[in-house]
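Take a look at the structure set out below.
In the UniProt record's numbering, the protein residues as written are 1 to 147.
Shown next, in the form of structure tokens:
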């Protein structure tokens, strides 16, 4: 068996380093890891927007259902509208979205509630928020007043 002769010179060491593929996966993982982290953060931000949107819709539907059954009622329609809006904002206070706006209208035997919020307020990470700064998420529900 022939032994490999190693030159201790700098050019021989650098040549061996250039030709060696040991550890190439580690280098590729280090290069790709930030890209995966960015992609994961973007996916989580968008997923949370849709998750909060579904919660917003549930609360708006619950509030309208309460009005339609007479559980939320005021002396006038304006009082019932204000009470409904207060209920919706109180139920969604944990979201901490300063741009959240709700309007309720009782008209012709129907109660209609519209709730909107800035998409960036619904995202858990500050990452890539500027791309979504002009987008508002909104839900709308309408119920027949039954009482």
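For glycine and all other residues, C-beta sits at the position ideal for the given N, C-alpha and C.
Since this is a predicted model, take the numbers as computed values, not measurements.
| Asked | Found |
| --- | --- |
| Per DSSP, what kind of secondary structure is residue 135 in: helix, strand or coil? | coil |
| Terminal residues of the continuous alpha helix (DSSP H) containing residue 127? | Per DSSP, residue 127 belongs to no alpha helix (DSSP H) and is neither H nor E. |
| With which residues is residue 113 paired in a DSSP beta bridge? | 104, 141 |
| Assess, as a yes-or-no matter, whether the stretch 101 to 118 is touched by the stretch 29 to 41 under the definition of 3 or more beta carbon pairs within less than 8 Å. | no |
| Pull the bridge partners of residue 118 from the DSSP assignment, please. | 136 |
| My output table needs one value for residue 81: the three-state DSSP class, helix, strand or coil. | helix |
| Label residue 72 either buried or exposed according to how many other C-beta atoms from any shown protein chain fall within 10 Å of its C-beta, with 16 as the threshold for buried. | buried |
| Report the CB separation of residue 45 from residue 100 in whole angstroms; it is logged as a contact under 8 Å. | Not really, about 18 Å apart at Cβ, beyond 8 Å. |
| For residue 147 and residue 36, what's the separation of their Cα atoms in angstroms? | 54 Å |
| Among 95, 126, 88, which residue has its Cα nearest to the Cα of residue 67? | 88 |
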